[in-house]
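Structure, as structure tokens:
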Amino acid sequence: MTGMSIIFSSVAALFMGVLALFVRMKASRKPVSTKKILLPPVFMSTGALMFLHPYFRVTGMEILEAVIVGMMFSILLIKTSKFELREQAIYLKRSKAFGFILIGLLLIRLLLKTILSQSIDVGQLSGMFWILAFGMIVPWRLAMYLQYKKLSLKLNEGKPILLEE
Numbered sequence: 000m001t002g003m004s005i006i007f008s009s010v011a012a013l014f015m016g017v018l019a020l021f022v023r024m025k026a027s028r029k030p031v032s033t034k035k036i037l038l039p040p041v042f043m044s045t046g047a048l049m050f051l052h053p054y055f056r057v058t059g060m061e062i063l064e065a066v067i068v069g070m071m072f073s074i075l076l077i078k079t080s081k082f083e084l085r086e087q088a089i090y091l092k093r094s095k096a097f098g099f100i101l102i103g104l105l106l107i108r109l110l111l112k113t114i115l116s117q118s119i120d121v122g123q124l125s126g127m128f129w130i131l132a133f134g135m136i137v138p139w140r141l142a143m144y145l146q147y148k149k150l151s152l153k154l155n156e157g158k159p160i161l162l163e164e
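Below you can see the structure in the form of structure tokens.
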């Protein structure tokens, strides 16, 4: 990976991380819904189409490594994503730790990319980091959904929640 592409992709990753922080802060001001929880991984899943191109294909061991690291990262996000009942609605609680964790994960990701770009092809590395991100967001969002569902049942006194909220 060339020096310029590392710098460009690192700046882009930092920008996306800051954007994610602002989106999260804004999201805590509005009630949460099933769609808001479950749609991000669905939208992100379209990125798997990159693997149709041989340039991005990864080995089975690289897939396993990326999924495991992503799932480990998701634990931190799960621990800092909590909901609360307010005004007869469910809101995401603001967490000061979430911002620090997100920035920390971003810095770890940048460090890993810098180190791994010395020995792994750019396309493969891109594929691995997409898998890592997907392996992080899916367990996190599923945990959020389960927590949301419990609160929703409590709020609705046992009435089932609907996906079309």
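Going by numbering that gives the first Met the number 0, the residue at position 147 of the sequence shown is 146; the numbering climbs one at a time, nothing skipped.
Built from N, CA and C at the ideal position, the CB exists for glycine as well.
Taking the straight line between their C-alpha atoms, what separation do you get for residue i and residue j?
i	j	result
alanine 19	threonine 33	19 Å
asparagine 155	methionine 3	54 Å
proline 40	threonine 113	26 Å
lysine 25	leucine 91	10 Å
alanine 47	leucine 111	21 Å
isoleucine 119	phenylalanine 42	27 Å
arginine 85	serine 27	11 Å
phenylalanine 117	tyrosine 147	Correcting the residue identity first, residue 117 is glutamine in this sequence and not phenylalanine. Each residue's alpha carbon lies about 42 Å from the other.
leucine 141	lysine 29	20 Å
glycine 59	leucine 145	30 Å
Between the options, which lies nearest to residue i when the distance is taken from Cα to Cα?
i	options	result
lysine 81	Ile136, Met15, Val31, Arg56	Val31
leucine 115	Phe99, Tyr144, Glu61	Glu61
serine 125	Leu141, Arg140, Val137, Arg108	Arg108
glutamate 83	Leu13, Arg93, Leu75, Ala12	Arg93
serine 9	Leu106, Tyr90, Pro53	Leu106
proline 53	Gly122, Tyr147, Leu131, Ile130	Gly122
phenylalanine 55	Leu145, Phe133, Phe128	Phe128
alanine 88	Gly16, Phe7, Leu63, Ser151	Ser151
Tell me which residues share the same chain as residue i and place their Cβ nearer than 7 Å to its Cβ, disregarding the 5 neighbours each side in the sequence.
i	result
leucine 162	Low per-residue confidence applies at leucine 162: pLDDT is 46, beneath 50, and the placement is therefore not dependable, though the value from the model is reported in the following sentence. Closer than 7 Å at the Cβ level, and outside the excluded window around leucine 162, lie Thr33.
valine 66	Ile130, Gly134
threonine 79	Ser94, Ala96, Phe97, Ile100
methionine 143	Ile36, Ser80
alanine 12	Leu105, Arg108, Leu109
leucine 63	none
Once the 5 residues before and after residue i are set aside, which same chain residues still bring their CB inside 6 Å of it?
i	result
serine 73	Met135, Pro138, Trp139
valine 68	Leu131
leucine 76	Trp139
valine 57	Gln123, Gly126, Met127
phenylalanine 7	none
methionine 15	none
methionine 165	Not covered by the structure: residue 165. The range shown for the chain is 0 to 164.
Under 8 Å Cβ to Cβ from residue i, same chain only, skipping five residues before and after it: list those, please.
i	result
glutamate 164	A caution first: glutamate 164 carries a pLDDT of 43, below 50, which makes its placement in the model too unreliable to give a value.
lysine 153	Leu84
_Validate contact between the stretch 34-42 and the stretch 93-113 using beta carbons, cut 8 Å, 3 pairs_ = Judged by Cβ distances under 8 Å, the stretch 34-42 makes no contact with the stretch 93-113, as fewer than three pairs qualify.
*With a floor of 4 residues, list each alpha helix (DSSP H) that falls wholly inside the stretch 46-93, ordered by position along the chain.*
59-78
*Please specify which runs of the alpha helix (DSSP H), each continuous and at least 4 residues long, are wholly inside the stretch 85-155, giving them in chain order.*
95-115, 121-154
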